[in-house]
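Down below is the structure, laid out as structure tokens.
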Amino acid sequence: MYNFVLRALAAAAAGLSKTASRMNLGNTTWYIIVNPHAGSGKTIHEWEVAEKKLAACSVPYVSVFTDHKYHAEELAYKAAGKGFRRFLAVGGDGSVHETLSGMMRWSGENGVPSEEFTLGVIPIGSGNDWIKSLNVPHDTEKVVQLLARESFTRQDVIKVTAAGGRVCTMANIGGTGFDSHVCARVNTQKEAGHRSARIYVNALFHTILNLKRFRAEIVCDGKTLYSGPCYSIAFGNGRYSGGGMKQTCDALIDDGLIDIMVVPVVSVFAILKEVRRVFDGTTSSSSRIIYSRAREIHVAPLDARSSDIVEMDGEIVGNLPLVLEATGQQVGVVCGRAK
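Residue numbers (the numbering used here): -18 to 320.
Below is the structure:
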């Protein structure tokens, strides 16, 4: 009996040692999710560059490849359950969105603080807007150097619930109406093989010329911000979208708030006059645009025809109604040198 107890204790200790080893590995090892379809075929070349630099900088990592939509979210979710806490997406803003959503879904379901997790990206997509708020260079070798130096900061966790119960996490920018239709057109052009930053400008003006209105009520922190016909609603944790446009020009990634920009129905001529503000970062100064910020935002369609599509980080995630919540939690993110 004594020997049996000793063997049992030894087995338990070995199990704990293995668990601790896995957790230590997960806490220091990067779980890298590679999107082979990003960047018009540039991914494999950039990933080869990254692998050499990771080895040169002695950065420990495990890598996996995605093969379908939402695969990055599935992989991140499962990896978090295995103890990994550092994640790197190799792709564009859509890859960042999926990876972050998987990390935060596991975190929320298992009661593990989001602050234990860190997310970075080797930017290969055509937009790469998330990195602009974090001053991350569009350079694979320099990003790996940031990982090696553990150049991290934190950003807010923004929980998003769209119609049908689709729950995700917004890393950077989201929207509905004009904003989501621009993204839908951009995605269509990407699927056709077009990848330059110019596709965002083309999609912008195409959507302006085919502008559609919808009717919605927007409630911020329990108070109605706007109710009626509008052309576009944008939400921001970061400032940049569409290859460098600044719809939510005053957004800060760590202030615990979500910025919102609403374009009510005005003449097309008036909208054309306001377009420059999206590029020069003065949307919050416009007398024709409604600009605010809140911890919780509800957007509800006022009729059946107004249940428009919703995008988050360039990906269509569902339809209105929509709820965005700044949870009060933060997640670690790789950052560059402050400007």
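We put the CB at the ideal spot given by N, CA and C, even for glycine.
Check, Outcome
"Runs of alpha helix (DSSP H) lying entirely within the stretch 103 to 133, each at least 4 residues, in chain order", "111 to 115, 121 to 130"
"Residue closest to residue 129, alpha-carbon to alpha-carbon, out of 292, 275, 67, 219", "67"
"Between the CA atoms of residue 156 and residue 187 - distance to the nearest angstrom", "17 Å"
"Exposed unless 16 or more other CB atoms sit within 10 angstroms - verdict on residue 51", "exposed"
"Rounded Cβ spacing between residue 27 and residue 103 (contact assumed at less than 8 Å)", "6 Å"
"Backbone CA spacing between residue 244 and residue 179 [nearest angstrom]", "23 Å"
"At least three beta-carbon pairs within less than 8 Å, the stretch 55 to 75 to the stretch 276 to 291", "no"
"Inter-residue Cα distance where the pair is residue 312 and residue 90", "16 Å"
"Nearest residue (CA-CA) to residue 302, options 70, 199, 78, 110", "199"
"Alpha-carbon spacing of residue 270 relative to residue 81, whole angstroms", "30 Å"
"Buried/exposed call for residue 287, threshold 16 Cβ in 10 Å", "buried"
"Residues near residue 304 in its chain [Cβ-Cβ closer than 6 Å; skip 5 each side]", "142, 279"
"Exposure of residue 8, with buried meaning 16 or more beta-carbon neighbours within 10 Å", "exposed"
"C-beta contact flag for residue 224 and residue 181 at 9 Å", "yes"
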